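These protein sequence lines map, in sequence, to chains A and B.
Take 62 as the starting number for the first sequence in my numbering and just add one per residue.
Take 4 as the starting number for the second sequence in my numbering and just add one per residue.
In this text, a Cβ means the ideal position worked out from N, Cα and C, and glycines have one as well.
These figures come from a predicted structure and were not determined experimentally.
Here is the structure we will look at, set down as structure tokens.
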Amino acid sequence: MKALRDIGLASGAAIVGAAVLVAVFAPLLVPHDPFAQDLSRRLLPPFWMEGAREGHLLGTDQLGRDYLSRLLYGARISMLIGIATTVASGLIGIALGVAGGFFGGRIDDAVLFAITARLSIPLILVALAVVSVVGSSLTVVVMTLGLLLWDRFAVVARVSTMQVRNLDFVAAAWAAGCSRSRIVLREILPNILSPLAVVATLEVALAILLEAALSFLGLGVPPPLPSWGLMIAEGKDYMFFSPWVIMIPGVALFVLVFGINLLGDGLRNLLRTGRVA
Amino acid sequence: MSRLLEVEALEVSFGAASAVRGASLALDRGETLCLVGESGCGKSVTALAVMGLLARNASRGAARLSFDGQDLRGLDERGMSRLRGNRMAMIFQEPMTSLNPAYTVGSQMAEVMLRHRGGTRAAAMARAEDLLGRVRITSPAMRLGQYPHQLSGGLRQRVMIAMALMCDPELLIADEPTTALDVTVQAQILRLLLDLQKDLGLAMLLITHDLGVVARVAHRVAVMYAGEVVETAAAADLFARPTHPYTRGLLACVPVPGKVARGAALGSIAGVVPRLGPGFSGCGFRDRCGEATAACGGTIARASAGEGHDYLCRLPPGWRAGAGAAP
Numbered sequence: 062m063k064a065l066r067d068i069g070l071a072s073g074a075a076i077v078g079a080a081v082l083v084a085v086f087a088p089l090l091v092p093h094d095p096f097a098q099d100l101s102r103r104l105l106p107p108f109w110m111e112g113a114r115e116g117h118l119l120g121t122d123q124l125g126r127d128y129l130s131r132l133l134y135g136a137r138i139s140m141l142i143g144i145a146t147t148v149a150s151g152l153i154g155i156a157l158g159v160a161g162g163f164f165g166g167r168i169d170d171a172v173l174f175a176i177t178a179r180l181s182i183p184l185i186l187v188a189l190a191v192v193s194v195v196g197s198s199l200t201v202v203v204m205t206l207g208l209l210l211w212d213r214f215a216v217v218a219r220v221s222t223m224q225v226r227n228l229d230f231v232a233a234a235w236a237a238g239c240s241r242s243r244i245v246l247r248e249i250l251p252n253i254l255s256p257l258a259v260v261a262t263l264e265v266a267l268a269i270l271l272e273a274a275l276s277f278l279g280l281g282v283p284p285p286l287p288s289w290g291l292m293i294a295e296g297k298d299y300m301f302f303s304p305w306v307i308m309i310p311g312v313a314l315f316v317l318v319f320g321i322n323l324l325g326d327g328l329r330n331l332l333r334t335g336r337v338a
Numbered sequence: 004m005s006r007l008l009e010v011e012a013l014e015v016s017f018g019a020a021s022a023v024r025g026a027s028l029a030l031d032r033g034e035t036l037c038l039v040g041e042s043g044c045g046k047s048v049t050a051l052a053v054m055g056l057l058a059r060n061a062s063r064g065a066a067r068l069s070f071d072g073q074d075l076r077g078l079d080e081r082g083m084s085r086l087r088g089n090r091m092a093m094i095f096q097e098p099m100t101s102l103n104p105a106y107t108v109g110s111q112m113a114e115v116m117l118r119h120r121g122g123t124r125a126a127a128m129a130r131a132e133d134l135l136g137r138v139r140i141t142s143p144a145m146r147l148g149q150y151p152h153q154l155s156g157g158l159r160q161r162v163m164i165a166m167a168l169m170c171d172p173e174l175l176i177a178d179e180p181t182t183a184l185d186v187t188v189q190a191q192i193l194r195l196l197l198d199l200q201k202d203l204g205l206a207m208l209l210i211t212h213d214l215g216v217v218a219r220v221a222h223r224v225a226v227m228y229a230g231e232v233v234e235t236a237a238a239a240d241l242f243a244r245p246t247h248p249y250t251r252g253l254l255a256c257v258p259v260p261g262k263v264a265r266g267a268a269l270g271s272i273a274g275v276v277p278r279l280g281p282g283f284s285g286c287g288f289r290d291r292c293g294e295a296t297a298a299c300g301g302t303i304a305r306a307s308a309g310e311g312h313d314y315l316c317r318l319p320p321g322w323r324a325g326a327g328a329a330p
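Now the structure itself:
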């Protein structure tokens with residue numbers, strides 16, 4: 062069981078690490094300009110199929126753009142959205158959760174109400190509505206998802222804060238004359254980071270999937286940015302004769318989200334067994 | 004010069020339950036006062052009330068609550084936090100959880116110093132190293148860089164003591180500092196506290212339920228029961244002439260090798276500390292007291308059994324069991 066968990070953690074970390082590297086170094090890795098169209102080379106199949114052309118490892122899309130290059134650039138968009146959204150929602154959620162858990166009473170009631178209210182909002186519908194009103198752009202997608210995905214951060218931060226707040230070392234810190242902000246920043250926050258790190262990985266995965274869904278519906282990042290969701294959306298008209306155009310980004314999306322979840326689960330197990338604390 | 008710590012008629016209640024009901028204490032510089040009593044009689048709450056660290060649902064009142072002549076009752080949170088850790092420090096019962104697991108020993112100790120006294124981090128670290136040596140931790144320089152989980156319970160309690168001493172406090176409140184430790188370590192920690200107290204001229208308020216501890220370290224003893232200080236005396240006087248029935252009961256609970264027959268029942272006081280509401284009057288111990296009469300339901304005056312020896316009971320000093328039952 063333990064070995065299996067370690068394999069999970071290691072492969073998750075490997076996948077996420079690879080995705081981050083690809084995202085960072087995409088401009089150096091791509092064989093072609095991902096935006097360059099060549100209508101004479103439309104819908105070329107990838108290397109394992111008949112009719113593949115040299116120079117286009119994963120074929121081309123309906124506008125003759127190199128699919129590998131678009132895939133690598135797509136990793137950038139996915140990682141950017143995943144991380145930026147998680148940072149934004151983490152800031153909101155952790156601030157609310159810690160405030161509720163630390164102060165209790167009325168403030169906690171307000172935080173709980175906000176969490177409940179947020180949980181009763183249908184995510185994708187609101188995201189769709191906002192994006193269709195404001196217009197779609199990378200920033201809008203990040204802001205919208207960031208303002209919607211803070212609930213798990215808040216729940217976990219609130220409960221962990223309540224637990225840590227009553228521990229003896231916090232009492233000792235009060236007795237040593239620490240101020241309230243000092244207690245929150247130095248005593249409580251560092252000791253609730255591990256559960257929050259697990260939440261963060263899962264939120265990254267969720268944000269990436271939501272972005273793909275929004276882009277597929279045409280309300281995510283605008284073309285010609287090579288988002289994986291957008292690639293699936295653009296390829297869906299050709300899927301019967303050129304199935305790879307949706308298969309390749311679909312598999313990429315699956316592998317990345319799978320890897321992030323493996324990493325999150327592995328982290329959780331690692332932190333729970335107290336090997337890192 | 005006024006006394007270092009003066010507490011008069013301290014009242015603490017949590018909603019309808021009174022935890023401390025008119026307790027009075029006084030402590031001079033360089034003196035060790037032991038606060039004894041069984042669980043739930045208000046010892047820890049008294050200490051927390053002095054430090055201003057009561058939970059938010061508690062309410063505190065006192066006729067007098069002063070530290071070095073400064074009235075603590077009107078002091079705001081800022082004022083209190085300037086005193087805490089600086090001029091009055093506190094160590095807790097549970098050394099395993101009293102240190103923040105996220106920082107090294109050194110950085111936690113230096114933090115206290117930097118907060119109250121300022122100065123450079125290097126100076127604070129040097130002071131921390133010096134104090135770790137003083138609390139007899141071997142290779143203090145190495146310990147500074149260690150995390151709490153790398154230390155044993157006894158070591159952590161030494162670190163806690165050293166941390167409490169960072170700013171040269173005048174008053175050290177120790178809430179059952181040896182209860183969670185095993186016996187040999189207990190003895191070492193007590194010895195250490197005693198030596199430090201002598202060397203540094205600390206006033207120490209030591210909370211304990213262990214009369215063995217009291218006999219070894221206390222100058223004066225205050226026995227608490229149900230939120231009241233029922234007897235105060237110099238330590239030797241208290242052991243020689245315990246006067247309040249509760250004090251006598253407590254002392255009877257301590258087995259003495261050779262005096263108590265093997266296999267004989269150990270002493271105990273039947274019943275538990277009552278939960279008292281604000282309307283309660285009379286002696287809080289009367290339900291468990293062998294000498295109780297109807298008169299114990301009335302107001303009990305504080306009586307004297309000699310110089311500096313007060314008790315809260317209607318029985319005369321030197322009463323004998325059974326004799327007090329006659330009106």
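For residue i, count neighbouring C-beta atoms within 10 Å of its own C-beta (all shown protein chains included) and say buried if the count is 16 or more, exposed if not.
i, result
"Ser307 (chain B)", "exposed"
"Arg322 (chain A)", "According to the sequence provided, residue 322 (chain A) is Asn. The question's Arg does not apply to it. It is buried - the Cβ of Asn322 (chain A) has at least 16 other Cβ atoms within 10 Å."
"Arg336 (chain A)", "Confidence at Arg336 (chain A) is low in this model, with a pLDDT of 42, below 50, so the placement of that residue should be treated as unreliable; the coordinate-derived value is given next. Exposed, by the Cβ-count rule."
"Val81 (chain A)", "exposed"
"Trp109 (chain A)", "exposed"
"Asp212 (chain A)", "buried"
"Gly116 (chain A)", "exposed"
"Ser197 (chain A)", "buried"
"Ala329 (chain B)", "In this prediction, Ala329 (chain B) scores a pLDDT of 42, lower than 50, which makes its location untrustworthy; the coordinate-derived value is nonetheless stated afterwards. Exposed, since its Cβ has fewer than 16 Cβ neighbours within 10 Å."
"Gln153 (chain B)", "exposed"
"Thr121 (chain A)", "buried"
"Ile68 (chain A)", "exposed"
"Asp178 (chain B)", "buried"
"Met145 (chain B)", "exposed"
"Lys46 (chain B)", "buried"
"Arg124 (chain B)", "exposed"
"Gly325 (chain A)", "buried"
"Met163 (chain B)", "buried"
"Ala75 (chain A)", "exposed"
"Asn252 (chain A)", "buried"
"Arg60 (chain B)", "What sits at residue 60 (chain B) in the sequence shown is Asn, not Arg. Under this definition Asn60 (chain B) is an exposed residue."
"Ser42 (chain B)", "exposed"
"Gln73 (chain B)", "exposed"
Note down, in chain order, every chain B residue with its Cβ under 7 Å from the Cβ of residue i.
i, result
"Ser240 (chain A)", "Ser84"
Of all the CB atoms in chain B, is at least one closer than 7 Å to the CB of residue i?
i, result
"Leu228 (chain A)", "yes"
"Ala233 (chain A)", "yes"
"Ala171 (chain A)", "no"
"Glu248 (chain A)", "yes"
"Ala237 (chain A)", "yes"
In terms of DSSP beta bridges, what is residue i paired with?
i, result
"Met91 (chain B)", "B:Arg87, B:Leu174"
"Phe242 (chain B)", "Phe242 (chain B) pairs with nothing; no bridge assigned."
"Thr211 (chain B)", "B:Val39"
"Met227 (chain B)", "B:Val232"
"Leu64 (chain B)", "In the sequence as displayed, the identity of residue 64 (chain B) is Gly instead of Leu. Answer is B:Glu14, bridged to Gly64 (chain B)."
"Val263 (chain B)", "B:Pro260"
"Arg103 (chain A)", "Answer is none; Arg103 (chain A) lacks a bridge partner."
"Phe283 (chain B)", "According to DSSP, which records beta bridges pairwise, Phe283 (chain B) is partnered with nothing at all."
Kindly list, in the order they appear in chain B, the residues whose Cβ is closer than 8 Å to that of residue i.
i, result
"Pro251 (chain A)", "Asn103, Ala105, Tyr106"
Within 7 Å (strictly less), CB to CB, does residue i reach chain A?
i, result
"Gly122 (chain B)", "no"
"Val115 (chain B)", "yes"
"Phe95 (chain B)", "yes"
"Met207 (chain B)", "no"
"Leu38 (chain B)", "no"
"Arg289 (chain B)", "no"
"Leu184 (chain B)", "no"
"Leu56 (chain B)", "yes"
Name the chain A residues whose beta carbon is nearer than 9 Å to that of residue i?
i, result
"Thr250 (chain B)", "Those within 9 Å of Thr250 (chain B) in chain A number zero; the least Cβ separation is about 29 Å."
"Arg1 (chain B)", "Nothing about residue 1 (chain B) can be reported from this structure: the residues present for chain B run from 4 to 330 only."
Show which residues of chain A have a CB atom less than 8 Å away from the CB atom of residue i.
i, result
"Thr100 (chain B)", "Leu228, Asp229, Phe230"
Using 8 Å as the cut-off, can you tell me whether the region 187-194 of chain A makes contact with the region 277-288 of chain A, which would need three or more C-beta pairs spanning the two stretches below that distance? yes
Segment contact flag, the region 82-101 of chain B with the region 45-60 of chain B, C-beta cutoff 8 Å, min 3 pairs: yes
Counting pairs of Cβ atoms below 8 Å between the region 216-225 of chain A and the region 252-264 of chain A, do you hit three or more? yes
Between the region 228-237 of chain A and the region 117-130 of chain A, can you find at least three pairs of beta-carbon atoms closer than 8 Å? no
Indicate whether the contact test is met: 3 or more Cβ pairs, each with one atom in the region 236-246 of chain B and one in the region 305-322 of chain B, closer than 8 Å. yes
Quick one: any contact between the region 149-169 of chain A and the region 241-252 of chain A, if contact means 3 or more CB pairs under 8 Å? yes
Do the region 19-31 of chain B and the region 274-284 of chain B touch if we need at least three Cβ pairs shorter than 8 Å? yes
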